[in-house]
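K.L.:
Below is a structure I'd like to ask you about.
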Amino acid sequence: YRSSDRFVYPPPPATPFSDVTAGMGIRWKHQENDYNDFNSHRLLPHLLSTHGPAMAVADVNGDGLDDIYVGGASGQKGLLLVQLASGQFTELAGPTTVPTEETAAVFFDADGDGDQDLFVASGGNDRSLKDPAINDHLYLNDGKGGFTQHIFPPLSASKSTVSVADVDHDGDADLFIGVLTAAFDYGLLPASYLLLNDGHANFSAAPRSMIDLHIAGMVSSSAFADVNADGWTDLVLAGEWMPVTVYLNKNGKFSASQLSGSEGLWQSVTVADLDHDGHPDLLAGNYGLNSKLHASNENPLRMYVKDFDHNGQPEQILTYSTEQKEYSFLGKDELEVQLPVMKKSYLRYQDFAGKTIQEIFAGQLDDVEPFKCVTLSSGVFRNDGKGNFTFEALPDEAQYSPVFAMLADDVNGDGRTDLLTAGNFFGVSPYEGRYDANRGFLFLSGKNGFEFMSPGRSGFVNPGESRDLKKIKTARGWLYVAAHNNAGLQFFRLSENVTQ
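All residue numbers in the sequence shown are consecutive under this note's numbering, ending with 557.
Here is the structure:
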């Protein structure tokens, strides 16, 4: 080698994924409205109005190609992407006439005519429960991709998730609709809903004798699966300040079974048979371990919910534990913004410092049963085939930030099921600091479990606040689509002949 020689760099190694967003030409972007939950609810643990958008995928016009619906933000129409034979998409405005905060969506055959109808759920934390914009919408498909709104029962709550299954074996598709919170009342347990279909797209609430969902928890995600192989579809729920819960379906009647030691701040749950044993496993996205929040069985996080200042709305007091003692997660200044009466009791910071939460609130917590969180790890619940689950935390990289979406797929063609994860969350207080360390992570399944592949090596570079991941069948092969809060869609194509 001579100093005058030009060094020729070797070509970069092939990556499984390539970002093809620019070539798709999609101009639509999710645009959050200007609303900050903290301005009116100072002690909320996090924002509740930035959980969209969700996506739904189906062939809406019968051409054999997948089309995509993307939910809009409050005041913004959603997006219907109709696929062309070229593999590109035509952008059409969603069918909604009252733009709402669209937090969940699904295509399914509601009226039994063989095509894919669209259901869109509404949520957020910026509207009264009496506002029509909180209502959900069902749109019936004419078979050619044209949608007409159909009557649907009003549900006054902030919906977060929707799942579809024939739970009563009558040959039609029923709906589970999960609720995270009632508007302005985070921490007061809301009801979720199982709606039974009469076969003609008319839905009514299942009786409590069939399933009791009136205090199911603060549900953020749901899935249907037959977890115990008895031929009946069971319901899996995950949410904030609650355990992962399986509602076992026995001949059309459900009973709740909580997974022991799983109380968390769950953001997502999905189903996949990871080990190919014929039994559905659960992929569960939690808040992660890269924060000021820490939780364990010995020292859990707790949240006390009560109307401490008698203003007609509950406050949320978050605590952490150390050496079996509880302390406020927020400091004196933060608490006093919402509860100024505390200034009289604690004039100086040294009076407040070191006090347990019981000492600070002096008897006001005696009538409050706190919510509890004992794990913040995202991971996999392995199913033994009988509906018994064992938890395995994902590698450290999966714990960098909250996981809002997981997608199970064999990326490298080795016959094993790999995982894509997406997340991040910016809607927290400055003291807590936003969660932005997940840049789109691929975990390859190996003999010793899941192994992390960096975004640089995988090509799956997906920063920002990801809320959903979908795999799409196109005329040019498979696409992977990520939906982002307050940003555009991101498209990835799986490269051919890439093995690891």
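Every residue, glycine too, gets a C-beta built ideally from N, C-alpha and C.
Considering Cα atoms alone, identify which of Leu-331, His-87 and Pro-102 is closest to Asp-94.
P.N.:
Reading the sequence shown from its first residue, position 37 is the one you call residue 94. When each option's Cα is compared against that of Asp-94, the closest is Pro-102.
K.L.:
Looking at the strands, I want to know which residues DSSP matches up with Val-437.
P.N.:
Working through the sequence shown from its first residue, we reach residue 437 at position 380. Partner(s): Leu-340 and Glu-449.
K.L.:
To the nearest angstrom, how far is it from the Cα of Val-437 to the Cα of Ser-179?
P.N.:
By one-based count along the sequence shown, residue 437 stands at place 380. By one-based count along the sequence shown, residue 179 stands at place 122. Each residue's Cα considered, the two are about 29 Å apart.
K.L.:
Relative to the C-alpha of Met-299, which residue among Thr-447, Thr-238 and Arg-405 is closest?
P.N.:
For the purposes of this step, residue 299 is taken as residue 242 along the sequence shown, with counting starting at 1. With distances taken between Cα atoms, Met-299 lies closest to Thr-238.
K.L.:
Could you check if Thr-474 is buried or exposed, using at least 16 other CB atoms within 10 Å of its CB as the buried criterion?
P.N.:
Counting from one through the sequence shown, the residue named residue 474 turns up at place 417. Buried, since its Cβ has 16 or more Cβ neighbours within 10 Å.
K.L.:
So which of Ala-71, Met-360 and Tyr-304 has the shortest CA-CA distance to Asp-283?
P.N.:
Against the sequence shown, residue 283 aligns to sequence position 226. Per the Cα distances, Tyr-304.
K.L.:
Give a yes or no on whether the C-beta atoms belonging to Leu-358 and Asn-343 are separated by under 8 Å.
P.N.:
By one-based count along the sequence shown, residue 358 stands at place 301. By one-based count along the sequence shown, residue 343 stands at place 286. Cβ atoms of Leu-358 and Asn-343: not closer than 8 Å.
K.L.:
Can you check which of these residues, Tyr-377, Leu-175 and Gly-497, is closest to Thr-153 by C-alpha distance?
P.N.:
Locating residue 153 in the sequence shown gives position 96, counting from the first residue. Measuring from the Cα of Thr-153, the nearest candidate turns out to be Leu-175.
K.L.:
From the DSSP output, in three-state form, read off Asp-390 for me.
P.N.:
What you label residue 390 is simply residue 333 of the sequence shown in a count that begins at 1. Helix at Asp-390.
K.L.:
Taking 8 Å as the cut-off, decide whether the C-beta atoms of Phe-418 and Glu-454 are in contact.
P.N.:
Counted from its first residue, the sequence shown places residue 418 at position 361. Counted from its first residue, the sequence shown places residue 454 at position 397. No. Outside cutoff.
K.L.:
Name the DSSP beta bridge partners of Met-112, please?
P.N.:
For this step, residue 112 is matched to residue 55 along the sequence shown. Beta-bridge pairing links Met-112 to Val-127.
K.L.:
So, are the CB atoms of His-98 and Asn-542 less than 8 Å apart?
P.N.:
To locate residue 98, count along the sequence shown from 1; it is residue 41. To locate residue 542, count along the sequence shown from 1; it is residue 485. No; because the gap between Cβ atoms is not below 8 Å, this pair is not in contact.
K.L.:
Could you tell me which whole beta strand (DSSP E) segments of length 3 or greater appear in the stretch 265–309?
P.N.:
Taken in chain order, the unbroken stretches of beta strand (DSSP E) that lie wholly in the stretch 265–309 and span 3 residues or more are 275–282, 291–299 and 302–307.
K.L.:
Pick out whichever of Leu-551, Ser-552 and Gly-545 has its Cα sitting closest to the Cα of Ala-79.
P.N.:
Locating residue 79 in the sequence shown gives position 22, counting from the first residue. Ala-79 has its Cα closest to that of Gly-545, out of Leu-551, Ser-552 and Gly-545.
K.L.:
Any contact between the stretch 200–219 and the stretch 233–253? By contact I mean 3 or more CB pairs, one from each, below 8 Å.
P.N.:
yes
K.L.:
Any idea what DSSP makes of Arg-514, helix, strand or coil?
P.N.:
If you number the sequence shown from 1, residue 514 lands on position 457. Arg-514: helix per DSSP, three-state reduction.
K.L.:
Tell me the DSSP bridge mates of Leu-141?
P.N.:
Taking the first residue of the sequence shown as 1, we reach residue 141 at position 84. Its beta-bridge partners do not exist; DSSP assigns none.
K.L.:
What does a CB cutoff of less than 6 Å around Val-362 pick up in its chain, not counting 5 residues either side in sequence?
P.N.:
Here residue 362 refers to the residue found at position 305 when the sequence shown is read from its first residue. Here the set comprises Gly-244, Pro-371 and Gln-373.
K.L.:
Gly-490: which of Ser-348, Lys-187 and Ile-83 sits nearest, CA to CA?
P.N.:
In the sequence shown, the residue the question calls residue 490 occupies position 433. If we check each option's Cα against that of Gly-490, Ser-348 comes out closest.
K.L.:
How would you label Ala-410, buried or exposed, when you count the other beta carbons within 10 angstroms and need 16 or more for buried?
P.N.:
Counting from one through the sequence shown, the residue named residue 410 turns up at place 353. The residue is exposed, with fewer than 16 neighbouring Cβ atoms inside 10 Å.
K.L.:
Taking 8 Å as the cut-off, decide whether the C-beta atoms of Leu-316 and Phe-365 are in contact.
P.N.:
Mapped onto the sequence shown, residue 316 falls at position 259. Mapped onto the sequence shown, residue 365 falls at position 308. It is not a contact, given that the beta carbons lie outside the stated cut-off.
K.L.:
Output the distance between the C-alpha atoms of Ser-185 and Asn-90, rounded to the nearest integer angstrom.
P.N.:
Residue 185 sits at position 128 when you count from the first residue of the sequence shown. Residue 90 sits at position 33 when you count from the first residue of the sequence shown. Straight-line Cα distance between these residues: approximately 16 Å.
K.L.:
Just how far apart, CA to CA, sit Leu-292 and Pro-69?
P.N.:
For this step, residue 292 is matched to residue 235 along the sequence shown. For this step, residue 69 is matched to residue 12 along the sequence shown. If I take the Cα positions, the gap works out to 45 Å.
K.L.:
Using a Cβ distance threshold of 8 Å, determine whether the stretch 255–269 contacts the stretch 328–341, with at least three qualifying pairs required.
P.N.:
no
K.L.:
Select from Leu-105, Pro-520 and Leu-551 the residue whose C-alpha is nearest the C-alpha of Glu-297.
P.N.:
Locating residue 297 in the sequence shown gives position 240, where the first residue counts as 1. Closest option to Glu-297, Cα to Cα, is Leu-105.
K.L.:
Which of helix, strand or coil does DSSP assign to Glu-508?
P.N.:
In the sequence shown, counting from the first residue as 1, residue 508 sits at position 451. Judged by DSSP in its simplified three-state form, Glu-508 adopts strand.
K.L.:
Residues in its own chain within less than 7 Å of Ala-313 by CB, not counting five upstream and five downstream?
P.N.:
In the sequence shown, residue 313 corresponds to position 256, counting from 1. Closer than 7 Å at Cβ, skipping near neighbours: Thr-302 and Tyr-304.
K.L.:
Looking at the unbroken alpha helix (DSSP H) that takes in Gly-484, where does it start and where does it end?
P.N.:
Within the sequence shown, the letter at position 427 stands for residue 484. DSSP places Gly-484 outside any alpha helix (DSSP H), giving it a letter other than H or E.
K.L.:
Would you tell me roughly how many angstroms separate the C-alpha atoms of Ser-143 and Gly-128, rounded to the nearest one?
P.N.:
To locate residue 143, count along the sequence shown from 1; it is residue 86. To locate residue 128, count along the sequence shown from 1; it is residue 71. Cα-Cα distance, rounded: 24 Å.
K.L.:
Compare the Cα-Cα distances from Asp-123 to each of Val-431, Trp-535 and Tyr-92 and report the closest residue.
P.N.:
By 1-based counting over the sequence shown, the position of residue 123 is 66. For Asp-123, the nearest C-alpha among the options comes from Trp-535.
K.L.:
Measuring alpha carbon to alpha carbon, tell me which residue in Lys-310, Arg-63, Asn-495 and Leu-476 is nearest Phe-482.
P.N.:
Counting from one through the sequence shown, the residue named residue 482 turns up at place 425. Out of Lys-310, Arg-63, Asn-495 and Leu-476, Asn-495 has the C-alpha closest to the C-alpha of Phe-482.
K.L.:
Restricting to Cα atoms, I'd like to know which of Val-139, Asp-76 and Trp-85 is closest to Lys-530.
P.N.:
Stepping through the sequence shown from its first residue, residue 530 is reached at position 473. With distances taken between Cα atoms, Lys-530 lies closest to Val-139.
K.L.:
Select from Leu-346, Phe-517 and Phe-428 the residue whose C-alpha is nearest the C-alpha of Leu-464.
P.N.:
Here residue 464 refers to the residue found at position 407 of the sequence shown. With distances taken between Cα atoms, Leu-464 lies closest to Phe-517.
K.L.:
Going by other Cβ atoms of all chains shown within 10 Å of its Cβ, with 16 needed for buried, is Ile-208 buried or exposed?
P.N.:
As a working note, residue 208 is residue 151 in the sequence shown. Taking all protein chains in view, the Cβ of Ile-208 is surrounded by fewer than 16 other Cβ atoms within 10 Å, so the residue is classified as exposed.
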